[in-house]
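Chemist: Every position in the sequence shown, counted from 1, becomes a number in the working numbering once 859 is added. All residues carry an ideal CB built from backbone N, CA and C; glycine is no exception. Before we start, here is the structure in question, set down as structure tokens.
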Amino acid sequence: MIKKKMDKISSMCGLLIVWGIVTVVLLAMFHIGGFHIEYPLSNTGRDDTSYMAEIKMSYDTGSWKSSEFLGAPFGTDRSSNVSYYLFNDVHLLSMALVYLTGSVFMAQNLTYILLFYINSAVTYAVLRVRKINPGISIVGTISFTFLTYVFYRNVSHMMLTPIYTIPLAILICLWIFEDDRVARYGKGFFHYKRNWAVILFSILIVNSGIGYYTVFACFFFMVAGIYKTVERRSFLGIQQFLSQVVTTFICMGVTISGYVIDVLQGKNSVMTSLRSYGDAEIYALKIVRLFLPTKGTGIQRIDNVLAAYNASAVCQTETSEYLGVLGVIGCIILFLALFVNVKKSEIKMMSVMTICAILYGAIGGLGVVFFLFVTDMVRCTNRISVYIAFMSIYTVCLLLQRLYNWIKQHGTMLSKILFQFVMCLALVVTLWNQVQWHHFDNNAQIQACDMQQSFVEELEEMVPDGAMIYQLPYWEYPPGPGINNMNPNELLQPYLYSTKVKWSFGAFSGERSLKWNAYVSQLNVNDMVDSLSYMGFEGIFINSGAYTEDEFTELTSQLNQIFGKPDIVSADDKWYYYDISQYAQQLKKSMSEEEWQNHVNQVKGYGEQASDE
């Protein structure tokens, strides 16, 4: 009893030390980067801006799936896209933070920051459940928490930053391998506490990682089950694997029930992200990337060679896969473990799972089959590297634990002191090798954000509440690559600063608003302005970065012939706004009420006509 209490106290102290280290590292990064919490960590007009728009949708409407402030004139409802159901964890966290702070930018920043604490807490807890010494668990936790993967994801891929479900998935695999009662349907299933833990973990897994972590977890459940079946020469492992996959699918079904209801009701459904086949290779796993430090080694000669390789590699992939010092050591050990004939060893199982992960994720690997024939949503197979990272780090921790146990029983005081010194050294090397100290630098955002906010505030002073603004160029959402000097999601940026304006961009693929906007954008300028007037739009917003110089000159010259000049121009000469309200009033006065209403009804039908076509 006393020993259990002491273990709990040491575990809590260890977690506090972990969080203390995380806090010190983050504060150092804030200071070095000159971070300003009230400004976004990143707002480039790519996925970072898209996620902030979802945060604002939560604040405006209470849902990150629908909004009347995007996709004017009919709004947007993304409930028919399955991906929006698969990262509820960060969405709920960001929703809580935006309600607490009232700031989309602060909610984005705080979500990313808090995920370091959540990731570290769960990782530490899993290592302690596996009976790893608190000191060793601290080193392993810090190594996993500050993976290059997390820094690379940043706020742009906020849905992938919560890596806390990876240790949980691997823990389930270990339980399947070791415990015959885990994930095995039958009498007494719900009387076994671990099965309740497995159900909870499954719920967390399917609500995180936008489907990637769920698919990878099921893959590892399969590997663990088959490995146990081969080792035990019994179908029990396969039975447990199938039961666990069923549990995961049930949790998934509950999670995406809104999507299923929409499909049953006959609404447009979006299962895939419409990616190209080339993505299966561009975003595949390169084995060598697991071992190449993203920030370099500090040894000039080696760094020059790495830079030369990165510059000349035929297939340029992501560089997020680096495992860290502990991870590299663990991965090498797992490779070597294949040649060691040790039965019923969790290290041997980790070894098999690591090799299978590489076979799945590597360029031209098994993941391509899933991409081609199941769904292209899980196209970036290199993201399986975060599973490899945890298994590798866990392996090192496990071996250190065995060494610690031997030293504790047979070692001298000097050997014990030396072991603690090595642990401290491993922690220092990990932080030096993995942490990107200038990561929290948003100074470049300050001027741009102030300018954008000033533009939108001036615009909102000119228009009534609920005014609709038509945005040019017409751009589908979710977009592909940017065009000219406009990043793909830049048209969402004005929405981040607005409080009462509805914007035309942001309607999802297949929605009526998107088809309506596409139809209007194809009209000549005079007909487009008339159609917008009939529909009740108050103005036209233009992002000049999307146009070549000749294209923009031609567009603005035609608008200037109608309106004289733009009413607002941003300080950087990129955003333009034309108020069309007076033009619309004069147009309405020029015809009878009946004629006006006929035009209104005709223009409203543009979206329906486009749908029929």
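What does the alpha-carbon distance come out to for the pair residue 1022 and residue 1260?
Modeler: 24 Å
Chemist: Do you know how far the Cα of residue 976 is from the Cα of residue 1131?
Modeler: Unreliable positioning characterises residue 1131 in this predicted model, as indicated by a pLDDT of 44, which lies under 50. The coordinate reading is nonetheless provided below. For residue 1131 and residue 976, the distance between alpha carbons rounds to 32 Å.
Chemist: One question on the structure: do residue 1149 and residue 1118 come within less than 8 Å of each other, judged by their Cβ atoms?
Modeler: no
Chemist: Just curious, the alpha helix (DSSP H) that residue 1436 is in, first and last residue?
Modeler: Note, residue 1436: premise wrong, no alpha helix (DSSP H); beta strand (DSSP E) at 1434-1438.
Chemist: Can you pull the DSSP bridge partners for residue 1399?
Modeler: 1329, 1437
Chemist: Going by Cα to Cα distance, which pick from 1394, 1208, 864, 1278 is closest to residue 1458?
Modeler: Taking only the C-alpha atoms, the option nearest residue 1458 is 1394.
Chemist: Indicate whether residue 1304 and residue 1352 have their beta-carbon atoms separated by less than 8 Å.
Modeler: No, the pair does not count as a contact, with Cβ atoms beyond the cut-off.
Chemist: Report buried or exposed for residue 1277, applying the criterion of at least 16 other Cβ atoms within 10 angstroms of its Cβ.
Modeler: exposed
Chemist: Among 927, 1350, 1375, 1398, whose alpha-carbon lies nearest the alpha-carbon of residue 1404?
Modeler: 1350
Chemist: Helix, strand or coil for residue 1450, going by three-state DSSP, please let me know.
Modeler: coil
Chemist: Report yes or no: do three or more beta-carbon pairs, one from the segment 945-952 and one from the segment 986-995, lie closer than 8 Å?
Modeler: no
Chemist: According to DSSP, simplified to helix, strand and coil, what is residue 1367?
Modeler: strand
Chemist: Spatial neighbours of residue 1314 within its chain, please: C-beta separation below 7 Å, excluding the five flanking residues on both sides.
Modeler: 1427, 1429, 1434
Chemist: Of the residues 1251, 1098, 1151, 1018, which one's Cα is nearest the Cα of residue 1191?
Modeler: 1251
Chemist: If we call anything under 8 Å between Cβ atoms a contact, is residue 1003 one with residue 982?
Modeler: yes
Chemist: Counting only beta-carbon atoms, is residue 1033 nearer than 8 Å to chain B?
Modeler: Structure shown: chain B not included; a single protein chain is present.
Chemist: On the DSSP bridge assignment, give the partners of residue 925 in chain order.
Modeler: Its beta-bridge partners are 936.
Chemist: Compute the distance between the beta-carbons of residue 1291 and residue 887, then report whether it is under 8 Å.
Modeler: Against a cut-off of 8 Å, the Cβ pair of residue 887 and residue 1291 comes out as no contact.
Chemist: Which residues in the same chain as residue 1095 place their Cβ atom closer than 8 Å to its Cβ, once the five residues preceding and following it in sequence are excluded?
Modeler: 1039, 1043, 1087, 1088
Chemist: For residue 1340, count neighbouring Cβ atoms within 10 angstroms of its own Cβ and tell me buried if that reaches 16, exposed if not.
Modeler: By the 10 Å Cβ count, residue 1340 comes out exposed.
Chemist: Please state whether DSSP places residue 1028 in a helix, a strand or coil.
Modeler: helix
Chemist: If I measure Cβ to Cβ from residue 1010 and keep anything under 6 Å in the same chain, skipping five residues before and after, which residues do I get?
Modeler: 1295, 1298
Chemist: Assuming residue 1041 and residue 1099 form a contact by the criterion Cβ under 8 Å, report the distance between their Cβ atoms to the nearest whole angstrom.
Modeler: Confirmed, about 7 Å.
Chemist: Considering only DSSP beta bridges, list what residue 1362 is partnered with.
Modeler: Note: residue 1362 sits in a beta bridge opposite 1328.
Chemist: Based on DSSP bridge pairs, tell me the residues matched to residue 1474.
Modeler: This structure does not reach residue 1474, given that the chain is present from 860 up to 1472, and the question cannot be answered.
Chemist: Rounded to the nearest angstrom, how far is the Cβ of residue 1400 from that of residue 1331, given a contact under 8 Å?
Modeler: 7 Å
Chemist: Could you tell me which of 1439, 884, 1072 sits nearest to residue 1396, measuring between CA atoms?
Modeler: 1439
Chemist: By the three-class DSSP mapping on this structure, what secondary structure does residue 1354 have?
Modeler: helix
Chemist: Who does residue 1342 pair with in a DSSP beta bridge?
Modeler: Partner(s): 1345.
Chemist: Tell me the DSSP secondary structure of residue 1023 in three-state form.
Modeler: coil
Chemist: For residue 958, count the other beta carbons within 10 Å of its own beta carbon; 16 or more makes it buried, fewer makes it exposed. Which is it?
Modeler: exposed
Chemist: Once DSSP output is grouped into helix, strand and coil, what is the label at residue 1221?
Modeler: Secondary structure at residue 1221: strand, using DSSP grouped into helix, strand and coil.
Chemist: Which partner residues of residue 1336 appear in the DSSP bridge assignment?
Modeler: 1367
Chemist: Any idea what DSSP makes of residue 1132, helix, strand or coil?
Modeler: Confidence is the limiting factor: at residue 1132 the pLDDT is only 49, short of 50, which leaves the residue's position unreliable and the question unanswerable from this model.
Chemist: Based on the DSSP output, what are the partners of residue 1144 in its beta bridges?
Modeler: 1221
Chemist: Per the contact definition of three or more C-beta pairs closer than 8 Å, is the segment 1077-1085 in contact with the segment 1209-1217?
Modeler: yes
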